[in-house]
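Sequence order for the protein chains is A, B and C.
Going by our numbering, the first residue of the first sequence is number -15, and it counts up by one from there.
Going by our numbering, the first residue of the second sequence is number 12, and it counts up by one from there.
Going by our numbering, the first residue of the third sequence is number 6, and it counts up by one from there.
Note that CB positions come from ideal geometry on N, CA and C, so glycine has one too.
Taking it in order: structure first as structure tokens, then the write-up.
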Amino acid sequence: MENIATAIIAIGFLMLFQPFALALYTYSFITMLAGTVMFIIVSKFPE
Amino acid sequence: MSLTTAHSVVAPSSNAKLIAGTIIIAYALISIVPLLWIFATSFKTPPDSIAYPPKVVFQPSIEGYCNLFTTRTRQTPEYINALGPATGFCDETVRKRNMVIAGPSNFLPRFVNSLIIAFGSTFCAVFLGTLSAYGFSRFKVPLADDLLFFILSTRFMPPIAVAIPIYLMYRELGLSDTALGMILLYTAVNVSLAVWLLKGFIDEIPREYEEAAMIDGYTRLQAFWRTVLPQATTGIAATAIFCLIFAWNEYAFAALLTSGTAQTAPPFIPTIIGEGGQDWPAVAAGTTIFLVPILVFTILLRKQLLRGITFGAVRK
Amino acid sequence: MLDRTADNVARATPEPLAKKIRGISDKGLAWLFISPTILLLLAINIFPLFWAIYLSFTNYRANRPNEVVKNLGLANYRRILGDQDIWIAMQTTAHFVFWTILLQTVIGFTLAWLIDRKFRGHAFWTTIILVPMMLSPAVVGNFWRFLYEPQIGLFSYVVSFVTGIPPTNVQMLSNVELAPWAIIIVDTWMWTPYVMLICLAGLRSIPEYIYEAAEVDRASNWRQFWSITLPMALPFIMLAVLFRGIENFKMFDMVNLLTGGGPGSTTEVASITLKRQAFESWRTGYSSAFAIILFVAVFGLANIYVKALNKVKQR
């Protein structure tokens, strides 16, 4: 689960940084926010 | 692990060592050139500093240092001739350029500000950090991991993002452009590093010492004071130097939140100007004076450096 | 010396208070020790953060404190996340972060790998290499402006000497093509030692017996490098990359002094845009929203970084 959250944060960053589509940039923030919140939650429950 | 011991590779051949050594020495020499150039420029005269091609051999002069500490005004030769004899080397050099010393520059007060703010915040951060580190190290604190993460995460905040609300807050509280405000701010940034580093150092001190002391009738507080603190001295010193270097080098907060009385040296040095642009020898002189303490500290710290930059995660 | 001070403190403390402290429970002591730090961080970091979150929903301007503050809802966020200019600032940041990390990792790892050959005097030269990273990025960045001056600057002179380009044409800071590289060079010069130091720790954490076993298996040097050295040092490399990534994502001081975002906005990284909006245009509400966006990005990375730290710690 933690790896998934890490991947979501990474995807958010790629969306923030990519030069191709403004729409991806627009939704990068919400992706990063979701990834970070998920990371904090899942890191509370060790498998 | 100190930088002197290494072990990982199975006996490199002498040829490999020679090549490795040559490349490393070449890199080290090239990377140190800008610093040597700062040092050299600080001893050049303004015309020498902007000569083409750049001068490697030159007649050393302390004009840069004179200009760093003074403000000067241009005067007519008649005016200068009417003055009495020059009172010192700086006076003489300045007069050769048809100027007279008008007064001291702001460099010294800015430098003193840097000293006050860096030492003040380091003291506070290490003091608070030692207490918290001991608390986290020796007692069962509920949610300890979360609190420690919270403490560390504050260090990652982008300085400009923090500066916006801090600017408003300090304006309300009357702390803008005060040394106290800057000390509080730097303490808050540094305390995270101090807690993490010191927790590592205190973890390494065996609990048995305190327990023995407590059996001898000491209270917990006395045991902390008499057995833990003396043994943590090296760790505290290393942590203090790290905090000091951060506070000394910090620019973003200082540039945005101070403008006059509490301004530190980093935002001040780039504003040193002479006639027609930056007075590079004076800038270089200020930079040299500003960097020398850090060079000394780096050499003192070299064995703890790794530990400091990884928040205590890599110990050896 | 320390003992004496302790006695003095004990004696100086009024009796009832001293009794109180002596009688304090371990749990009480723990909170007494930890709470000042937590309170300070709450006051200087967390309270301002929540203030910034509140401001990010308003049109507040710090230079007009008496104006009526209007609640805008999510409008600030919508504007920033739909703004072409800020998107471009992000790409500038990405260019800077990508190249600095790539260069620093490659050079830093190579240097660490070479230092690990333990040639004579390696400790001394390592210390020399480490010096740039301890210095103030602002003060040193400012001086690099001088090194970059066309003609009179040492850097430009060396470049024109080596390449034969006329010295007045080496305009590192005012050429649109070169300026982004000017800041990448200074950042790489400064922070490669950081990556090198952490990589060196990674290389030295590899137990020797693994190499000895590989020797017995007659694995080639090349193979040993790819199947032992690199994978074993990888957690350390990740640590360095993540930390430099976070730091360069919010890079401000060095860039501000070298180019100030110019020429035009070619080196305007996110922090510079933020500073221009917040402290030059005084759009406090708008820039608070931008600050929160940057903060969330950094916080996400910081979470991953702390995980990586703990992983390395367990080694």
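Original post:
Does residue 308 of chain C get closer than 8 angstroms to chain A when you measure Cβ to Cβ?
Top reply: Output row for residue 308 of chain C: interface = yes.
**OP:** With DSSP as the reference, please indicate the residues paired to residue 85 of chain B in a beta bridge.
**Re:** Among the bridge pairs identified by DSSP, residue 85 of chain B is matched with B/110.
Original post:
Any idea what DSSP makes of residue 185 of chain C, helix, strand or coil?
Top reply: Under the three-state reduction of DSSP output, residue 185 of chain C falls in the helix class.
Original post:
Cβ of residue 300 of chain C less than 8 angstroms from any chain A Cβ?
Top reply: No - not a single Cβ of chain A is within 8 angstroms of the one on residue 300 of chain C.
Original post:
How would you list, in chain order, the residues of chain C whose beta-carbon sits under 8 angstroms from the beta-carbon of residue 118 of chain B?
Top reply: None at all; the shortest Cβ gap to chain C is about 13 angstroms.
Original post:
Excluding the five sequence neighbours on either side, which residues of its own chain have a C-beta within less than 7 angstroms of the C-beta of residue 315 of chain B, listed in chain order?
Top reply: A distance below 7 angstroms between beta-carbons, with the five flanking residues on each side excluded, links residue 315 of chain B to the following residues of its chain, in chain order: 249.
**OP:** Ignoring anything shorter than 4 residues or poking outside the stretch 44 to 93 of chain C, list the alpha helix (DSSP H) runs there in chain order.
**Re:** Whole alpha helix (DSSP H) segments, 4+ residues: 52 to 60 and 80 to 86.
Original post:
Does any C-beta atom of chain A lie closer than 8 angstroms to the C-beta of residue 316 of chain C?
Top reply: Cβ-Cβ to chain A under 8 angstroms: no for residue 316 of chain C.
Subject >> Continuous alpha helix (DSSP H) stretch holding residue 31 of chain B: start and end >> reply: If you look at residue 31 of chain B, you'll find it in the alpha helix (DSSP H) that goes 25 to 53.
Original post:
Counting Cβ pairs, one atom from each stretch, are 3 or more of them under 8 angstroms apart for the stretch 10 to 19 of chain A and the stretch -14 to -4 of chain A?
Top reply: Result yes; three or more Cβ-Cβ pairs closer than 8 angstroms.
Subject >> Residue burial classification, residue 129 of chain C (beta-carbon count within 10 angstroms, cutoff 16) >> reply: Residue 129 of chain C sits exposed, since fewer than 16 C-beta atoms from the chains shown fall within 10 Å of its C-beta.
**OP:** Excluding the 5 residues preceding and the 5 following residue 196 of chain B in the sequence, name in chain order all residues of the same chain whose CB lies nearer than 7 angstroms to its CB.
**Re:** Counting only Cβ-Cβ distances below 7 angstroms, and skipping sequence neighbours, we find 177 and 264.
Original post:
With 16 other CB atoms within 10 Å as the buried threshold, where does residue 253 of chain C fall?
Top reply: So residue 253 of chain C counts as buried.
Original post:
Can you tell me where the alpha helix (DSSP H) with residue 162 of chain B in it begins and where it stops?
Top reply: Membership of residue 162 of chain B in the alpha helix (DSSP H) is indicated by the continuous run 155 to 164.
Original post:
Would a C-beta distance cut-off of 8 angstroms place residue 27 of chain B and residue 249 of chain C closer than the cut-off?
Top reply: No. Outside cutoff.
Original post:
Mind checking whether residue 310 of chain B and residue 294 of chain B have CB atoms under 8 angstroms apart?
Top reply: No. Outside cutoff.
**OP:** List the DSSP bridge partners of residue 285 of chain B.
**Re:** Answer by DSSP bridge pairing, in chain order: B/288.
**OP:** Take the Cβ of residue 33 of chain B as the centre, count every other Cβ of all protein chains shown within 10 Å, and call the residue buried at 16 or more, exposed below.
**Re:** Flag for residue 33 of chain B reads exposed.
**OP:** Using a threshold of 8 angstroms, state whether the C-beta atoms of residue 272 of chain B and residue 188 of chain B are closer than that.
**Re:** Yes.
Subject >> Bounding residues of the alpha helix (DSSP H) (the contiguous stretch that carries residue 147 of chain C) >> reply: Element bounds for residue 147 of chain C: 142 to 153.
Subject >> Segment limits, alpha helix (DSSP H) that includes residue 197 of chain B >> reply: Boundaries of the alpha helix (DSSP H) around residue 197 of chain B: 190 to 214.
Subject >> Interface partners of residue 24 of chain A on chain C, CB under 8 angstroms >> reply: Per Cβ cutoff of 8 angstroms: 308.
Subject >> Three-state secondary structure (DSSP) of residue 3 of chain A >> reply: Reduced to three states, the DSSP call for residue 3 of chain A is coil.
Original post:
Could you check where the alpha helix (DSSP H) with residue 312 of chain C kicks off and where it finishes?
Top reply: Counting along the chain, the alpha helix (DSSP H) containing residue 312 of chain C begins and ends at 289 to 318.
**OP:** Could you pull out every unbroken alpha helix (DSSP H) segment of at least 4 residues lying fully inside the stretch 164 to 224 of chain C, listed in chain order?
**Re:** Qualifying alpha helix (DSSP H) stretches, in chain order: 184 to 209 and 213 to 221.
**OP:** Using a Cβ cut-off of 8 angstroms, pull out every chain C residue sitting near residue -7 of chain A, in sequence order please.
**Re:** The answer, in chain order, is 305, 306, 308 and 309.
**OP:** Out of C/257, C/180 and C/205, point me to the one whose CA is closest to residue 115 of chain C's CA.
**Re:** That would be C/205, whose Cα lies nearest to the Cα of residue 115 of chain C.
Original post:
Relative to the C-alpha of residue 142 of chain B, which residue among B/305, B/319, B/243 and B/301 is closest?
Top reply: Comparing Cα positions, the closest option is B/243.
Original post:
Straight-line CA distance for residue 172 of chain B to residue 279 of chain C?
Top reply: Going from the Cα of residue 172 of chain B to the Cα of residue 279 of chain C covers about 8 angstroms.
Original post:
What do you get for residue -15 of chain A, buried or exposed, if any count of 16 or more other CB atoms within 10 angstroms of its CB means buried?
Top reply: Exposed, by the Cβ-count rule.
Original post:
Are the stretch 50 to 67 of chain C and the stretch 297 to 313 of chain C touching, with three or more C-beta to C-beta distances below 8 angstroms?
Top reply: With a cut-off of 8 angstroms, the stretch 297 to 313 of chain C and the stretch 50 to 67 of chain C count as touching, because enough Cβ pairs lie within range.
**OP:** Check the Cβ-Cβ distances between residue 235 of chain C and every residue of chain B, and say whether any is below 8 angstroms.
**Re:** For residue 235 of chain C, the answer is no, since every Cβ of chain B falls outside 8 angstroms of its Cβ.
**OP:** Measure from the alpha carbon of residue 302 of chain C to the alpha carbon of each residue in A/26, A/23, A/13 and A/24, then state which is nearest.
**Re:** Of the candidates A/26, A/23, A/13 and A/24, the residue whose Cα lies closest to the Cα of residue 302 of chain C is A/13.
Subject >> Meets three-Cβ-pair contact criterion under 8 angstroms: the stretch 78 to 96 of chain C and the stretch 219 to 235 of chain B >> reply: Taking a cut-off of 8 angstroms for Cβ pairs, the stretch 78 to 96 of chain C and the stretch 219 to 235 of chain B do not touch, as fewer than three such pairs fall below it.
**OP:** Under 8 angstroms between beta-carbons, which chain B residues line up against residue 292 of chain C? List them in chain order, please.
**Re:** For a Cβ distance threshold of 8 angstroms, residue set 175 of chain B lies close to residue 292 of chain C, ordered along the chain.
Original post:
Whose Cβ in chain B lies nearer than 7 angstroms to the Cβ of residue 262 of chain C?
Top reply: Those are 281, listed as they occur along chain B.
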